[in-house]
Amino acid sequence: MTLPTICVRKGGLVPIMVREVMEAAGVREVVAEGDVVLVKPNFVRPAVSATGVTTNLEVVEGIVDVVRSLGATPVIGESCGVPFRTADVFSALGVDALAKKLDVRLVDLDTYPAKDYEVPRPQTLDTVHLTSLLDEVDSVISVPVAKTHNVTTITGAVKNMHGTVPDTEKWRTHLSGVNEAIVDIAQAARPDLSVLDMTTCLEGHGPMTGDPVPLDAVAACLDPVAIDAFIAHLTGYEPEDVRHLVLAHDAGLGQLEYAVEGDAPEPRRFARARFITPSLLIQQYWTRVQYFLVRRFGIDLRSINKNAGGLILQYPRFTAKCTGCGDCVDACPVDALTKGEPPRTDSSTCLCCGICWNVCPVEGAAGYTRSLRWLLDG
Ligand code: SF4
Ligand code: SF4
Numbered sequence: 025m026t027l028p029t030i031c032v033r034k035g036g037l038v039p040i041m042v043r044e045v046m047e048a049a050g051v052r053e054v055v056a057e058g059d060v061v062l063v064k065p066n067f068v069r070p071a072v073s074a075t076g077v078t079t080n081l082e083v084v085e086g087i088v089d090v091v092r093s094l095g096a097t098p099v100i101g102e103s104c105g106v107p108f109r110t111a112d113v114f115s116a117l118g119v120d121a122l123a124k125k126l127d128v129r130l131v132d133l134d135t136y137p138a139k140d141y142e143v144p145r146p147q148t149l150d151t152v153h154l155t156s157l158l159d160e161v162d163s164v165i166s167v168p169v170a171k172t173h174n175v176t177t178i179t180g181a182v183k184n185m186h187g188t189v190p191d192t193e194k195w196r197t198h199l200s201g202v203n204e205a206i207v208d209i210a211q212a213a214r215p216d217l218s219v220l221d222m223t224t225c226l227e228g229h230g231p232m233t234g235d236p237v238p239l240d241a242v243a244a245c246l247d248p249v250a251i252d253a254f255i256a257h258l259t260g261y262e263p264e265d266v267r268h269l270v271l272a273h274d275a276g277l278g279q280l281e282y283a284v285e286g287d288a289p290e291p292r293r294f295a296r297a298r299f300i301t302p303s304l305l306i307q308q309y310w311t312r313v314q315y316f317l318v319r320r321f322g323i324d325l326r327s328i329n330k331n332a333g334g335l336i337l338q339y340p341r342f343t344a345k346c347t348g349c350g351d352c353v354d355a356c357p358v359d360a361l362t363k364g365e366p367p368r369t370d371s372s373t374c375l376c377c378g379i380c381w382n383v384c385p386v387e388g389a390a391g392y393t394r395s396l397r398w399l400l401d402g
């Protein structure tokens, strides 16, 4: 049996690494002249890629360039994580500005029409409700970040396809058994190629929070299960211990064994997501209450949810080292900061995107709150 090959590059310029791994992995087998190609990044919430939470825009740009160089047309599509609005996330991360600069179509999958797709080998759902954009494209490129995940152990190319579900439908997949549901989704929307962003990975309580692990690397593979097995090894797990990977393998989505070509980062034991913790219970309880109220009564608690997210998420925190330069105020995408020394944060507006503490030029002047999650979980 031929093993799928994970092609890896490390320590180079991002666009060059992206081009090399895509070519080595066999992009020409799945993208042809005249094709339309869905590029599906992971923009789960408005947090810049330096936090390890979202796909690096340089990686996305590199993929767009490669697809175009093959005479195909790229389309970028995403539905971000609940409770965030995808349009806010696109704006906060500069995705819409990137799409404009590259003159590439950007699709908010929350507002785009969706339809039911049959699942060939159902694990929990006979049909999955996904974006109908899938019918308009010839191939799909999944662009995950290597992360630990508080429910699914790790998240990668397979789990990333959960973002083809509009946010109003995510309740169904969450309540149907996440591991099984994401395999059902990936059967209806199997990526033809996966490009793994390891420029900054995420360890700990992912996928929305945690601690960044910069590895300065990119990988690609035609087999989404194999590249996720690679993530498992990278982060200190055996693929057989990751339930959705075993299910995905059994459903015929790919292999758990692989070969590596190129200079892969040394595996290291990533800090683990904590499974049963007070903050996780709060997070899951709150999410389910919201889904229930929206679905049954049309009551949208997202503005409250955004504030309640402060129990879990990281808000900016400024120290006496702040010089009042205002760089963070200018960079904030939603004007949540008022200039000062230090700036003041409007927590009802703040998206917890992390841009302000990442642009700050003064060492130790800007960071983030440790939140109730830290108080509860240590
Ligand atoms: S205050 Fe900081 S974390 Fe909040 S939205 Fe603005 S830039 Fe993002
Ligand atoms: S960028 Fe840093 S130093 Fe400048 S105002 Fe913001 S926190 Fe203060």
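Quick note: the sequence shown uses the numbering used here, first residue 25, plus one each step. Ideal Cβ positions, reconstructed from N, Cα and C, are used throughout, including at glycine.
Helix, strand or coil at residue i [DSSP, three-state]
i	result
Gly101	strand
Lys64	strand
Thr192	helix
Ser372	coil
Met232	coil
Pro340	strand
Leu217	strand
Pro238	strand
Cys225	strand
Ser115	helix
Thr148	coil
Near ligand 1: residue i beta-carbon under 7 Å from a heavy atom
i	result
Leu149	no
Cys346	no
Val358	yes
Leu361	yes
Ala355	yes
Gly378	yes
Pro340	yes
Cys104	no
Closer than 7 Å: residue i CB and nearest ligand 2 heavy atom
i	result
Pro385	yes
Pro367	yes
Ala390	yes
Phe108	no
Asp351	yes
Phe254	no
Nearest-angstrom Cβ-Cβ length linking residue i and residue j, presumed shorter than 8 Å
i	j	result
Leu154	Thr188	5 Å
Val169	Thr78	7 Å
Ile87	Val42	6 Å
Pro366	Ser115	Actually they do not touch by this definition, with Cβ atoms about 25 Å apart.
Thr362	Tyr339	With a Cβ gap of about 15 Å, Thr362 and Tyr339 do not count as contacting.
Glu102	Leu133	6 Å
Asp208	Val128	That belief does not hold up - the Cβ atoms of Asp208 and Val128 are roughly 29 Å apart, past 8 Å.
Pro236	Thr393	Rounded, the Cβ-Cβ distance is 16 Å, inconsistent with contact.
Inter-residue Cα distance where the pair is residue i and residue j
i	j	result
Cys349	Pro231	32 Å
Val60	Asp162	5 Å
Met185	Ala213	7 Å
Arg341	Arg69	19 Å
Leu226	Asn66	13 Å
Ile300	Val175	Low confidence applies to Ile300: its pLDDT is 47, below 50, so where it sits in the model is not reliable, and the reading given next is rough at best. Cα to Cα, the separation comes out at about 10 Å.
Asp89	Asp221	16 Å
His273	Ala205	14 Å
Asp120	Cys104	14 Å
Asp351	Gly391	14 Å
Val182	Leu271	11 Å
Thr347	Gly364	9 Å
Ala355	Ala123	19 Å
Asp150	Gly276	16 Å
Trp195	Arg109	15 Å
Ser218	Ser166	5 Å
Neighbourhood of residue i by C-beta distance below 8 Å, restricted to the same chain and skipping five residues each side
i	result
Tyr282	Leu27, Pro28, Thr29, Ile30, Cys245, Asp247, Ala250, Ile251, Ala253 and Phe254
His223	Note that residue 223 corresponds to Thr in the displayed sequence, not to His. Closer than 8 Å at the Cβ level, and outside the excluded window around Thr223, lie Val38, Ser73, Asn80, Glu82, Val83, Pro238, Leu239, Asp240, Ala241 and Val242.
Ala56	Leu94, Gly95, Ala96 and Asp162
Ala389	Phe342, Thr343, Lys345, Cys346, Thr347 and Pro366
Same chain, Cβ closer than 7 Å to residue i, five either side skipped, listed in chain order
i	result
Asp287	Val32, Arg33 and Lys34
Pro291	His257, Leu258 and Gly260
Arg267	Asn203
Close-in-space but distant-in-sequence residues of the same chain around residue i (CB under 6 Å, 5 per side omitted)
i	result
Pro139	First, the amino acid is wrong: residue 139 is Lys here, not Pro. Cβ neighbours of Lys139 beyond the five flanking positions: Ser156.
Thr97	Val60
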